[in-house]
């Protein structure tokens with residue numbers, strides 16, 4: 001089924017304006033969800049808002065929104081006050097700057113949208129995409145919709161453009177908040193780790209090679225239930241092998257499992273334990289005749 005556009009807007013930078021159509025790049029409908037039911041009769045349950053003070057249900061028309069500025073203390077806002085605070089929706093993504101694609105950490109990535117040229121926008125769209133691809137840069141700008149303002153990143157992908165909604169700086173925790181101890185890495189450990197990375201490296205990534213196995217199991221179980229069958233519970237897989245504590249041993253074992261040629265300590269020990277090579281026959285004969293010669297000299 002052909003994708004359906006969810007909005008129209010224009011990409012604006014300088015005096016250039018490119019009309020585009022917006023398409024959702026992800027399928028939220030593909031997620032499996034369950035409803036809460038009454039265990040006794042199997043009917044679907046409804047949610048109710050209960051007043052924490054009076055313990056009674058509250059109708060929607062009796063609800064107001066409030067902001068908790070201190071413990072159990074709120075300031076209330078009317079719908080009109082909240083509406084006045086919203087950002088006016090715009091039909092344009094205003095480009096503020098162009099940066100290298102690698103300059104934007106993927107931790108800031110939020111929702112993604114595909115962009116396609118709208119009526120009269122085919123030529124400037126193609127030019128913009130080709131220019132971004134050639135410069136290896138992306139466009140950073142602002143886009144307002146549904147009362148909110150977003151940072152967006154427009155980047156080239158294959159033959160088109162993707163508009164990536166970004167998180168604000170205060171929405172991403174800095175890694176400096178995480179306690180990461182400084183640890184020295186030995187050259188031998190680094191070399192083995194790099195060999196393991198080289199063995200498992202690919203020039204491209206194919207997302208179709210990765211399947212949602214949990215989702216597939218749930219879908220199969222749902223189908224079994226629909227058909228009136230009991231679900232067959234799979235046994236938990238056994239934990240394979242003893243835990244390897246030594247980092248070098250773990251790296252060597254990983255390389256050997258992947259078909260690498262890294263020598264293990266066991267192999268080295270066996271090589272050291274092998275007996276020395278037997279002396280040549282000429283050397284053995286010399287050792288045997290040496291005592292006989294000494295005896296002949298004494299007899300003279």
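In UniProt numbering, the protein residues as written are 1 to 300. Ideal Cβ placement from N, Cα and C applies to all residues, glycine included.
Item                                                                                                                                                                            : Value
Which residue's Cα is closest to the Cα of residue 301: 7, 41, 36?                                                                                                              : Outside the modelled stretch of the chain, which goes from 1 to 300, sits residue 301, for which no answer is possible.
How far does the beta strand (DSSP E) with residue 34 in it reach, from first residue to last?                                                                                  : First-last for residue 34: undefined, no H or E at that position.
Quick one: measure Cβ to Cβ for residue 141 and residue 94, integer angstroms, because I've assumed they're closer than 8 Å.                                                    : 5 Å
Buried or exposed: residue 252, going by 16 or more other Cβ atoms within 10 Å of its Cβ?                                                                                       : buried
Which residue or residues does DSSP assign as beta-bridge partners of residue 155?                                                                                              : 162
Tell me whether residue 11 is buried or exposed, calling it buried when 16 or more other Cβ atoms sit within 10 Å of its Cβ.                                                    : buried
Excluding the 5 residues preceding and the 5 following residue 306 in the sequence, name in chain order all residues of the same chain whose CB lies nearer than 7 Å to its CB. : Residue 306 is absent from the structure shown; the chain starts at 1 and stops at 300.
For residue 186 and residue 106, I'd like the C-alpha separation in whole angstroms.                                                                                            : 30 Å
Helix, strand or coil: which one does DSSP assign to residue 94?                                                                                                                : strand
Between which two residues does the alpha helix (DSSP H) holding residue 187 run?                                                                                               : 187 to 199
Classify residue 205 as buried or exposed, calling it buried when 16 or more other Cβ atoms lie within 10 Å of its own Cβ.                                                      : exposed
Rounded to the nearest angstrom, what separates residue 65 and residue 207 at their Cα positions?                                                                               : 43 Å
Alpha carbon to alpha carbon, what distance is there between residue 110 and residue 172?                                                                                       : 11 Å
Do you know offhand how far residue 3's Cα is from residue 59's?                                                                                                                : 39 Å
Starting from residue 12, follow the beta strand (DSSP E) in both directions and report where the run begins and ends.                                                          : 7 to 13
Nearest-angstrom Cα distance between residue 17 and residue 166?                                                                                                                : 22 Å
Express the C-alpha separation of residue 98 and residue 14 in angstroms, rounding to a whole number.                                                                           : 12 Å
Ordered along the chain, which non-local residues of its own chain (more than five positions away) have a Cβ less than 7 Å from that of residue 218?                            : 32
Residues bridged to residue 99 by DSSP?                                                                                                                                         : 138
Return the chain-ordered list of same chain residues with a C-beta closer than 7 Å to the C-beta of residue 75, the five sequence neighbours on each side being excluded.       : 66, 67, 69
Using only the alpha-carbon positions, how far apart do residue 329 and residue 147 sit?                                                                                        : Here the chain covers residues 1 to 300 and nothing more, so residue 329 does not appear.
Look up residue 344 in the DSSP assignment and say whether it is helix, strand or coil.                                                                                         : Residue 344 lies beyond the range of the chain shown here (1 to 300); nothing can be said about it.
Mapping DSSP to helix, strand and coil, what is residue 271?                                                                                                                    : Here the model assigns residue 271 a pLDDT of 40, short of 50, so the residue's position is not dependable and the matter cannot be decided.
So, are the CB atoms of residue 163 and residue 151 less than 8 Å apart?                                                                                                        : no
Which partner residues of residue 24 appear in the DSSP bridge assignment?                                                                                                      : 113
Provide the residue span of the beta strand (DSSP E) that contains residue 70, from first to last.                                                                              : 65 to 70
Using the beta-carbon count (16 or more within 10 Å), is residue 168 buried or exposed?                                                                                         : exposed
Between which two residues does the alpha helix (DSSP H) containing residue 256 stretch?                                                                                        : 247 to 257
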